[in-house]
DNA sequence: CTGTTATTCAATCGACTACTTGAATATATA
DNA sequence: TATATATTCAAGTAGTCGATTGAATAACAG
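Quick look at the structure:
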C-alpha cells in the first residue's frame, strides 16, 4: 500500500525535527539563536562547545528546518526560520515541565525561592511600564542586550548589579528578565535586589518570547 | 558556575522529550494513542510493528512523560498524559510542514490538492455548506455526535471511515472536524481521505468552538 | 495445576550519534 | 601575493539506538 508508505514517510520527516530536538546542546544553541542572529563562533563560545562541533549541530538544525544560515563576509549567521519554531520550543518545555518529575526536582533544587519570586506576565508588565510604575532591567550580557531588548529596559549585567543599586529609583519596582523562562540570571538578580531591600520580580518569560509576541523591542545595532 | 550545570541539566531533560519524538514509529504510535486509550497489541497491529518492539517504544514514550500506562486485567492501556502533548505534536507537525521542503514535496506528490494543509475557517465552511460545495464529516464517536454536531454533518467514526468511502460524493470536498483545533481525529481523517484520492481538509476549530460561536448545531437526542 | 494470552525483559547485531582532530575552503587583510 | 580568520568537511572512536529473537512475568481459563 503506497498510502501507508506516505504516512510513514511523513512521520519520518516529522521525526527529523524531533531528532534535532533530541540533544541538549542543540536545544541550548536554539535558545541562543532564538534571541537573535548569531555567528558560529559566538554560539560555540556561549554553549561551551568546539567550533567544529557547533558547526555540525547547526547543520543538523538547518537540515531539520529549524534555523537558516546567512553568509556575510567571512561570517555565517544563523537565525530561527520562524516564530513557529519558538512555539514548538515552548511547548516542548511545557510538556517537559509538566510531565517529567526530574525537571520539577531540578527546578526546586536550584531555585529554592521559586514561588516567592512571583513572575509578572508580559502583558501586565507592558501596562505597568506605560504607567511608569516599574524599572525594566535586562540582566543579560551587553552584546545580547545590544542585539535586541525590551523597549525601555536598562542593561545591568549581573556582575555589575551592585554598582547600579543607587541609581535605581527606590520607589519603583524592578522587573528583571533575561533569555527565557528558565534563564537563571533573572532569578539571581531578583534575589540580590531583594537582599538590598528593593521590590523586585522577574518577567514570566524572556526576551525571545516578548519579541515573538510582537511587543515593543529595540536594537542598538543592525540585527 | 552552578547555574551552567543547572541549565545544562534542564536542557538534558528537555532533550529526553525531543528524543522520544525522534523516531517515526514512535510518532505514529503517539498519533494512535492520541485518538484514545489503546492496548499494546492493538498499537502494534496499527503500526505494523512487533509486539516487543512496540512495548519498547511505549516505554520510551512513558519515560519521556508523553504517555501513561494503566493495567486492567491482562491488558495494559496507554494514553497521552495531557492535552499539552497534543499541542506539542501539532506544533511539531506545523514546523515540519512549514520548513521541511521534503514534506511539501511528499505532500504534493501524494495529494492532489495543493493548499490542502490549510484548515478551513468556520465562517468559510458555513458559506460553502450553503453553496452545497462540501460534505461535512464529524469523525467523533457516535455518542459525541449524538450529543450535538454541526447541522448537516454526517457522522463517520474514524474506525469506519473506509466503509463510507463509496458513499461520499466524489466531486464534493470533504471537511472533517472533531473535538477542537488540536484533535487529531480530524487530521487523521483528512490524511486517510486523501490517501484514497479525495479532496479533504479539516475545520480550523472543532465542535465546541463552532457551538460557542453561535453557529447552527443539531442534537439528535435529549441533551 | 496446566496451558494460554498479554506484556515486558534480556541479549544481540548492524547502523547511527556525538565529539575530537586535522585538513580544506572561502573571505578578508596586509 | 601571502597570511590570518571563519567556517565546513572528513575520518576515527566510543557509545547509543532500533529491531529481532527468545525467555520471563503475570493474569486468566479450564
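Protein chains in written order, with my numbering: chain A, 1 to 223; chain B, 224 to 446. Even for Gly, the Cβ is constructed at its ideal location relative to N, Cα and C. Since the model is a prediction, treat every value here as computed from it, not as a measurement.
- [ ] Assign residue 246/B to one of two classes, buried (16 or more other C-beta atoms within 10 Å of its C-beta) or exposed (fewer than that).
- [x] With 16 or more Cβ atoms within 10 Å of its Cβ, residue 246/B is classed as buried.
Open item on the list: Could you check whether the Cβ of residue 14/A sits closer than 8 angstroms to any Cβ belonging to chain B?
Closed with: For residue 14/A, the answer is yes, since a Cβ of chain B falls inside 8 angstroms of its Cβ.
Task: Helix, strand or coil at residue 124/A according to DSSP, with G and I counted as helix - done: It is helical.
Open item on the list: Starting from residue 54/A, trace the alpha helix (DSSP H) in both directions and tell me its first and last residue.
Closed with: Looking at the DSSP string, the run of the alpha helix (DSSP H) that includes residue 54/A is 51-63.
Task: is_contact[residue 11/A, chain B] using C-beta, thresh 8 angstroms - done: At least one C-beta of chain B is nearer than 8 angstroms to the C-beta of residue 11/A.
Open item on the list: I want to see whether chain A comes within less than 8 angstroms of residue 273/B, judged by CB atoms only; does it?
Closed with: By this cut-off, residue 273/B is not an interface position.
Task: For residue 373/B, the three-state DSSP class (helix, strand or coil) - done: Residue 373/B falls in the strand class under three-state DSSP.
Task: Endpoints, beta strand (DSSP E) assigned at residue 294/B - done: Looking at the DSSP string, the run of the beta strand (DSSP E) that includes residue 294/B is 290-295.
Task: Residue burial classification, residue 314/B (beta-carbon count within 10 angstroms, cutoff 16) - done: In this structure residue 314/B is buried. Its beta-carbon is surrounded by 16 or more other beta-carbon atoms within 10 angstroms.
- [ ] Return the CA-CA distance between residue 224/B and residue 433/B, expressed in angstroms with no decimal places.
- [x] Residue confidence for residue 224/B is low, a pLDDT of 39 falling below 50, so the modelled location carries little weight and cannot support an answer.
Task: Proximity to residue 197/A [Cα-Cα], best of 11/A, 172/A, 218/A - done: When only C-alpha atoms are compared, the closest one is 172/A.
TODO: Return the first residue and the last residue of the beta strand (DSSP E) that residue 190/A is part of.
DONE: Careful: residue 190/A lies outside any beta strand (DSSP E), inside the alpha helix (DSSP H) at 184-195.
Open item on the list: As a quick exercise: from 414/B, 403/B, 367/B, pick the residue whose alpha carbon is nearest that of residue 384/B.
Closed with: Sorting 414/B, 403/B, 367/B by C-alpha distance to the C-alpha of residue 384/B places 414/B at the top.
Task: Simplified DSSP state of residue 397/B, which is helix, strand or coil - done: Residue state, collapsed to three classes: strand.
Open item on the list: The beta strand (DSSP E) that contains residue 361/B, what's its start and end?
Closed with: Start and end: 357-361.
TODO: List the DSSP bridge partners of residue 77/A.
DONE: In the DSSP assignment, residue 77/A forms a beta bridge with 39/A, 70/A.
- [ ] Residues of the stretch 387-402 of chain B with a CB closer than 7 angstroms to any CB of chain A: list them in chain order, please.
- [x] Against chain A - using a Cβ distance shorter than 7 angstroms - the stretch 387-402 of chain B contributes no residues.
Task: Positions along the stretch 277-300 of chain B whose CB lies within less than 8 angstroms of some CB in chain A - done: Hits within the stretch, in order: 287, 288, 289.
Open item on the list: At the 8 angstroms Cβ level, is residue 81/A part of the contact set with chain B, yes or no?
Closed with: For residue 81/A, at least one C-beta of chain B is nearer than 8 angstroms to its own C-beta.
- [ ] Look up residue 425/B in the DSSP assignment and give the residues it is bridged to.
- [x] Answer is 399/B.
Open item on the list: Using C-beta distances below 8 angstroms, list every residue in its chain close to residue 81/A, excluding the 5 sequence neighbours before and after it, in chain order.
Closed with: Closer than 8 angstroms at Cβ, skipping near neighbours: 65, 66, 67, 68.
Open item on the list: Residues in the same chain with beta-carbon distance under 8 angstroms from residue 175/A, minus the five sequence neighbours each way, listed in chain order, please.
Closed with: Apart from the 5 residues on each side of it in sequence, residue 175/A sits with its Cβ closer than 8 angstroms to the Cβ of 120, 125, 128, 134, 135, 136, 137, 200, 201, 202, 203 in its chain, given in chain order.
- [ ] Whole angstroms is fine: what's the gap from residue 271/B's alpha carbon to residue 318/B's?
- [x] When the Cα atoms are used, residue 271/B and residue 318/B turn out to be separated by approximately 26 angstroms.
Open item on the list: Is the separation between the beta-carbon of residue 32/A and that of residue 46/A shorter than 8 angstroms?
Closed with: Going by C-beta atoms, residue 32/A is nearer than 8 angstroms to residue 46/A.
TODO: Tell me, please, which residues DSSP counts as bridged to residue 308/B.
DONE: Its beta-bridge partners do not exist; DSSP assigns none.
- [ ] With DSSP as the reference, label residue 440/B as helix, strand or coil.
- [x] Correct three-state label for residue 440/B: strand.
TODO: Alpha carbon to alpha carbon, how far is residue 63/A from residue 178/A? Give it in angstroms, no decimals.
DONE: Their backbone Cα atoms lie some 29 angstroms apart in a straight line.
- [ ] Taking residue 141/A as part of the alpha helix (DSSP H), name the residues at either end of that continuous run.
- [x] First-last for residue 141/A: undefined, no H or E at that position.
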